[in-house]
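Take a look at the structure below.
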Amino acid sequence: MIMVGSNSHTLLLSLLLLVFLVVVSGGWSEFDYRHVYVKNGLDNNTLLIAHCKSKQDDIGVKNLHYEEEFKFQFKPDLFGDTLFYCGFTWDGTLHWFDIYDYGRDNELCKDCKWSIQRNQPCRFNLDTQKYDLCDKYY
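Per mature numbering (1 follows the signal peptide of the UniProt record, and there is no 0): the sequence shown = residues -26 to -1, 1 to 112.
Here's what the structure looks like:
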């Protein structure tokens, strides 16, 4: 009876080690790097000030002129609750948006491209090749 318990523990530990090694080695695409691109889609004379962060990481403040963009990358956490949010300021007004939400974006994009527009942030649509997947600021 002790032998069976010992074998069960060995099997369980082996399986846990295997799963850990697959995740750490990047063999599980759920945890591949995600890339987020943020582009100033306001207008020619409007400076976009973007400050993006998560619970763990602060991407910093970026000043973007019209059509300029910046990119950051990360690996989603093991619990599937990765969230990056940004404060966007132009013309003295602050707008907030969740630029990457694991629940919303994980299956939709590994390269998430956003154009920050006056009325709404819009994600790049691979099918139409336009920034027409729009959301709302909060």
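All C-beta atoms, glycine included, are put in the ideal place defined by N, C-alpha and C.
For residue i, which option in the options has the closest C-alpha, if you only look at C-alpha atoms?
| i | options | result |
| --- | --- | --- |
| N14 | F46, L100, K36, Y111 | K36 |
| C108 | P95, L(-10), D32 | P95 |
| Y74 | S28, L(-16), L(-14), L(-15) | S28 |
| G54 | E81, F71, G34, H39 | E81 |
| L21 | D32, H39, Y11, G34 | H39 |
| L68 | Q91, L57, D79 | Q91 |
| E41 | Y59, D17, Q30 | D17 |
Determine the extent of the beta strand (DSSP E) in which residue i is found, giving its start and end residues.
| i | result |
| --- | --- |
| G66 | That residue, G66, is in no beta strand (DSSP E); it is neither H nor E in DSSP. |
| G34 | 32 to 38 |
| R8 | 8 to 14 |
| E41 | From DSSP, E41 is part of no beta strand (DSSP E); its letter is neither H nor E. |
| F53 | Note, F53: premise wrong, no beta strand (DSSP E); not H, not E. |
Output the distance between the C-alpha atoms of residue i and residue j, rounded to the nearest integer angstrom.
| i | j | result |
| --- | --- | --- |
| K45 | L(-11) | 34 Å |
| H9 | E43 | 13 Å |
| D72 | L(-14) | 38 Å |
Over the uninterrupted alpha helix (DSSP H) stretch that includes residue i, give me the two end residues.
| i | result |
| --- | --- |
| D79 | 76 to 79 |
Quick one: what's got a C-beta closer than 6 Å to residue i's C-beta in the same chain, skipping five residues either side?
| i | result |
| --- | --- |
| H25 | V35, G61 |
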